[in-house]
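Using the numbering used here, read the sequence shown as starting at 156 and increasing by one per residue. Backbone N, C-alpha and C fix where the C-beta goes; we use that ideal spot for every residue, glycine too.
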Amino acid sequence: MENLHFTVERMKQMGNDFMEFQSFNMIFFIVFGLIAIVMIMGIVKTIGAGLSNQAAERIQRSCKVVDKRTRVRGGSGDFSASTYYYITFEFDGGERMELEVKDTDFGMIVIGDRGELHYKGTRFLEFVRVMEA
């Protein structure tokens, strides 16, 4: 009889272990699914922005450079850092637009420069400085 009691208790314990395992699996797959959804949404957003910029018309406007900034991402542990460069342009009507630019353009454009900004959607194409006489 004692053997039977031991077997019943052991079966209950195995059932509890199985339920804990099932709970862990369910939580794991929910977290994994959420991470996958966030990654897919980011990819779709990036592709959408690229297609939108590609479809936009090329615009040329007179402007003045009013600000510049950088943003550094990464760089902790074994990961390399990436630097992003931004310039804010102010148009004749007072409207402002900040665009990401390449490091070479960032170095050649100075706050206060006036010229023609060429852009397509949210993509910087070039800035042609106008020399004031």
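About 5 Å separates the Cβ atoms of residue 246 and residue 218, confirming a contact at the 8 Å cut-off. CA-to-CA, the gap between residue 183 and residue 192 works out to about 14 Å. Here the stretch 197 to 212 lies against the stretch 269 to 279, with 3 or more beta-carbon pairs under 8 Å apart. Between residue 239 and residue 251 a beta carbon distance of about 18 Å is seen, past the 8 Å cut, so the two are scored as non-contacting. Straight-line spacing of the CA atoms in residue 264 and residue 213 works out to 20 Å. Where residue 252 is concerned, the enclosing beta strand (DSSP E) starts and stops at 251 to 256. As DSSP reads the structure, residue 270 sits in a beta bridge with 218, 284. Following the DSSP letters along the chain, one finds residue 244 inside the beta strand (DSSP E) bounded by residues 236 to 246.
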